[in-house]
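Contents: one structure, followed by commentary.
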Amino acid sequence: MQTVYAHKPGRLETILSLAILAVLIIVAGGIYRRQFDFNPAVMALRPESQPSTPADGTLIEAVVDTTGTDIIPFSPPERFDRHTLYEKINGRADLYLSSGFASLVAQRFTLTGATGNWIEVFVYDMQTPENAFSVYGLQRRETAIADAHLANAYRTENALFMVQGQFYLELIGTAAEGVLDGAMGTLARRFVDAHGGEAPAAAPGAGLFPARGLDADTRQFITANAFGYEALDRIHVAEYLLDGSRLTVFVSDREQPAAAARLADRYRKTLVSYGAAVVAPPSSVPGATVLTVFDTVEIVFNRGRYLAGIHEAPDATTAMILARRLAEHLERLAAK
Numbered sequence: 035m036q037t038v039y040a041h042k043p044g045r046l047e048t049i050l051s052l053a054i055l056a057v058l059i060i061v062a063g064g065i066y067r068r069q070f071d072f073n074p075a076v077m078a079l080r081p082e083s084q085p086s087t088p089a090d091g092t093l094i095e096a097v098v099d100t101t102g103t104d105i106i107p108f109s110p111p112e113r114f115d116r117h118t119l120y121e122k123i124n125g126r127a128d129l130y131l132s133s134g135f136a137s138l139v140a141q142r143f144t145l146t147g148a149t150g151n152w153i154e155v156f157v158y159d160m161q162t163p164e165n166a167f168s169v170y171g172l173q174r175r176e177t178a179i180a181d182a183h184l185a186n187a188y189r190t191e192n193a194l195f196m197v198q199g200q201f202y203l204e205l206i207g208t209a210a211e212g213v214l215d216g217a218m219g220t221l222a223r224r225f226v227d228a229h230g231g232e233a234p235a236a237a238p239g240a241g242l243f244p245a246r247g248l249d250a251d252t253r254q255f256i257t258a259n260a261f262g263y264e265a266l267d268r269i270h271v272a273e274y275l276l277d278g279s280r281l282t283v284f285v286s287d288r289e290q291p292a293a294a295a296r297l298a299d300r301y302r303k304t305l306v307s308y309g310a311a312v313v314a315p316p317s318s319v320p321g322a323t324v325l326t327v328f329d330t331v332e333i334v335f336n337r338g339r340y341l342a343g344i345h346e347a348p349d350a351t352t353a354m355i356l357a358r359r360l361a362e363h364l365e366r367l368a369a370k
């Protein structure tokens, strides 16, 4: 009787088989996930997503009045409060909630005849102009370009971001730069006109910084936990360009000189407790403390009601020049 031997796969065959099986699994997984991953521009083409009016012929309620324009509401407004915000912007909700968020209204708009393109308008009520400016600064994109026609507003490739009083707005389009720019500008202007008119050119806290060398587009307002220290709240931050170096300046109006002095002392002690080393105090900025934190320099001082300083400067020389300039500026403010 003839014995039949089964072929035993070689090492190469086994490796190739496993590789093919892995590819098939990845493809299958990708197809499964893709059915839940919708492109907004594609969704806009779906019949149920097209602009419509109720059965009685009335117009859809709009968060921005578009009467007399070729912009029409795409969908009814969606409203969210502190308990439901995560449903709309899950993953970013904490940023707004920690900055005084009250409510959000979001709505989509499209242009007549602009098949497949639309703009979603997010209107965040942050309760105060300071809170609105806080999220505006913290959310600022690296590719931001200041808007030429609106105060406290900037644009990116397909979006416009702005502050108007207590409101922070995001207008985000499905199309690339240029296609929806005009419509975004119209929506933003209509909102400004309906909520107090032209926003002031000066952002909250802008007067706290000396003008020379200031990069105004970098201004931020941090409501809490600035630089990772929970006691540092209501901190205005901005960047300066000095002798080719970028330096970060911070100022906080504590309302009372004693409060500013206490917070400055607490911040100094906290830095030391985490390993910062105090170096010789500068004669050019009386009362200031200079500390080295790893390979950076931190300067902390108070002037009247203001806590101030330089954060994570690359070298002590430029940091001291800017600290002196900041101290003199705040002394003039405190004397008023």
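In short: position in the sequence shown from 1, add 34, done, that's my numbering.
Note that CB positions come from ideal geometry on N, CA and C, so glycine has one too.
CB contact flag (residue i, residue j, <8 angstroms)
i, j, result
"residue 224", "residue 139", "no"
"residue 263", "residue 202", "no"
"residue 294", "residue 341", "yes"
"residue 171", "residue 254", "yes"
"residue 324", "residue 298", "no"
"residue 161", "residue 109", "no"
Close Cβ partners of residue i (< 7 angstroms) along its chain, the five nearest in sequence each way excluded
i, result
"residue 105", "143, 145, 217, 220 and 221"
"residue 180", "188 and 251"
Residues that DSSP places opposite residue i in a beta bridge
i, result
"residue 336", "341"
"residue 123", "According to DSSP, which records beta bridges pairwise, residue 123 is partnered with nothing at all."
"residue 138", "114 and 158"
"residue 351", "BP columns for residue 351 are empty, so no partner."
"residue 280", "275"
"residue 218", "None; residue 218 has no bridge partner."
"residue 189", "179 and 194"
"residue 310", "According to DSSP, which records beta bridges pairwise, residue 310 is partnered with nothing at all."
Contacts around residue i, its chain only, beta-carbon distance under 8 angstroms, and the 5 residues preceding and following it disregarded
i, result
"residue 178", "188, 189, 190, 195 and 251"
"residue 364", "242, 285, 337, 338, 340 and 342"
"residue 349", "279 and 331"
Cut-off 6 angstroms between Cβ atoms - residues of its own chain near residue i, not counting five sequence neighbours on either side
i, result
"residue 284", "269, 271, 343 and 345"
"residue 9", "Outside the shown range of the chain (35 to 370) lies residue 9, about which nothing can therefore be said."
"residue 4", "Since the displayed the chain opens at 35 and closes at 370, residue 4 lies outside it and no answer follows."
Per-residue burial, residue i [other beta carbons within 10 Å of its own, 16 or more giving buried]
i, result
"residue 308", "exposed"
"residue 332", "buried"
"residue 124", "exposed"
"residue 168", "buried"
"residue 242", "buried"
"residue 275", "exposed"
"residue 134", "buried"
"residue 101", "exposed"
"residue 360", "buried"
"residue 184", "buried"
"residue 186", "buried"
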